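A.B. asks: First residue of the sequence shown: -5, per the numbering used here; consecutive thereafter.
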Amino acid sequence: MSVDDRPLASFRVSMRDIDIYGHVHNSVYLDYCEDAVVEFLRHRKILSHFRHTTSGVAYHVKKAEITFHSPIDVDDIVEAKVKVEKIGRSSLSFTIELYRQRDGAHCASGGLVWVCVGLSDSRPTPIPEATRAALSQG
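Written out as structure tokens, the structure reads:
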């Protein structure tokens, strides 16, 4: 899939994200990845496809993984790049790369898999064609 190589999300690390060793706590990286995906969808003007109130379906996280490369510290500005890796029948895979703005260091690689589910039963259901088409444009 084509992807815009410019960072689509950036944020400053808050003190609340820091662990006792002085860098971002491991679990917070997942928050950063999810925030980056939402910003990616907002940037593409397709966030409404992922709101249960407007799409008729919901998306649940099925899998989340992070590979750490370099620590992120308080007050660092983090830039995120997001790519739709795969669109399956009922699942979506996103790749997220996090970079430290001050030196361009690649800090983490993330992967999220979302599964599309029906609102009435929370069972996997096919991704709506309109959503599939919107994700494929780029």
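A virtual CB, placed ideally from N, CA and C, is assigned to each residue, including glycine. Keep in mind the model is a prediction, meaning the values are calculated, not measured.
Within 7 Å: the Cβ of residue 29 and any heavy atom of the ligand FAD?
C.D. replies: As for the ligand FAD, it is missing from this structure, which has no ligand bound.
A.B. asks: By Cβ distance, which residues of its chain are closer than 8 Å to residue 128, with the 5 residues on each side in sequence left out?
C.D. replies: Answer for residue 128: 38, 40, 43, listed in chain order.
A.B. asks: So what does residue 121 bridge to, in DSSP terms?
C.D. replies: Paired residue(s): none; residue 121 is not in a bridge.
A.B. asks: Measuring CB to CB, does residue 30 end up less than 8 Å from residue 76?
C.D. replies: It is a contact, given that the beta carbons lie within the stated cut-off.
A.B. asks: In angstroms, rounded to a whole number, what distance separates the CA positions of residue 70 and residue 130?
C.D. replies: Taking the straight line joining both Cα atoms gives about 33 Å.
A.B. asks: With distances taken from CA atoms, which of 3, 104, 7, 2 is nearest residue 63?
C.D. replies: Measuring from the Cα of residue 63, the nearest candidate turns out to be 104.
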